[in-house]
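Please read the structure below before turning to the comments.
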Amino acid sequence: MSETTTSAAYEISTDPARLDADRIHRWLSTDAYWALGRSRHTQDGAIAGSLNFGVYDTASGEQIAYARVVTDHATFAWLCDVYVAPVARGRGLGTELVTAVRDHLAPLGLRRVMLATEDAHGVYEKVGFKSLENPLMWMSLDLQAPS
Numbered sequence: 017m018s019e020t021t022t023s024a025a026y027e028i029s030t031d032p033a034r035l036d037a038d039r040i041h042r043w044l045s046t047d048a049y050w051a052l053g054r055s056r057h058t059q060d061g062a063i064a065g066s067l068n069f070g071v072y073d074t075a076s077g078e079q080i081a082y083a084r085v086v087t088d089h090a091t092f093a094w095l096c097d098v099y100v101a102p103v104a105r106g107r108g109l110g111t112e113l114v115t116a117v118r119d120h121l122a123p124l125g126l127r128r129v130m131l132a133t134e135d136a137h138g139v140y141e142k143v144g145f146k147s148l149e150n151p152l153m154w155m156s157l158d159l160q161a162p163s
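Just so we're aligned, residue 17 is where the sequence shown starts under this note's numbering, counting upward by one.
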């Protein structure tokens, strides 16, 4: 089921048919520090296996932002690939997008939504995210071969 939230300037939608996959790939693979060089094949697979949020300019219909959530819809979610086009930055759109993600996930009863960011802590804190209370209990497994 897709969901759409509309304001005067833009719409936020979970309808996968509206996503501009070419644009998303270009944004992430060339301008997002966490996804530089990501292949189109990998990006398409990530989109296919995720809950996606597109933000669209209401006047032109053009996609201006994107976020992706990896979730089991029951216990856990990981918010990732949050991106706002350079021309749309500085208007609070990132906060609005993350708020829409939070509000969409809230009724699912998830225990936790995680994310990682190098430089946008303030955006996420506005929506209720906080640093890990006990980061020493978290671990990760890097499956990528060292470069």
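Even glycine gets a Cβ: it sits at the ideal position worked out from N, Cα and C.
Status (buried if at least 16 other CB within 10 Å, exposed otherwise) for residue i
i, result
"H137", "exposed"
"Y49", "exposed"
"G110", "buried"
"G106", "exposed"
"S156", "exposed"
"Q160", "exposed"
"A122", "exposed"
"E149", "exposed"
C-beta atoms of residue i and residue j nearer than 9 angstroms
i, j, result
"R34", "Y72", "yes"
"I80", "V103", "yes"
"K142", "V114", "yes"
"W94", "M130", "yes"
"A83", "L126", "no"
"T87", "L124", "yes"
Enclosing alpha helix (DSSP H) for residue i [first to last residue]
i, result
"D135", "No alpha helix (DSSP H) contains D135, which DSSP labels as neither H nor E."
"Q160", "Taken as a continuous stretch (DSSP letters only), Q160 belongs to no alpha helix (DSSP H), as it is neither H nor E."
"A64", "56-64"
Segment limits, beta strand (DSSP E) that includes residue i
i, result
"S29", "26-29"
"W94", "92-100"
"R85", "Here the sequence assigns Val to residue 85, which means Arg is not the residue at that position. It spans 79-87 - the beta strand (DSSP E) in which V85 sits, taken as one unbroken run."
Are there three or more Cβ pairs, one per stretch, closer than 8 angstroms when the segment 24-34 is compared with the segment 43-59? Contact fails: fewer than three Cβ-Cβ distances are below 8 angstroms.
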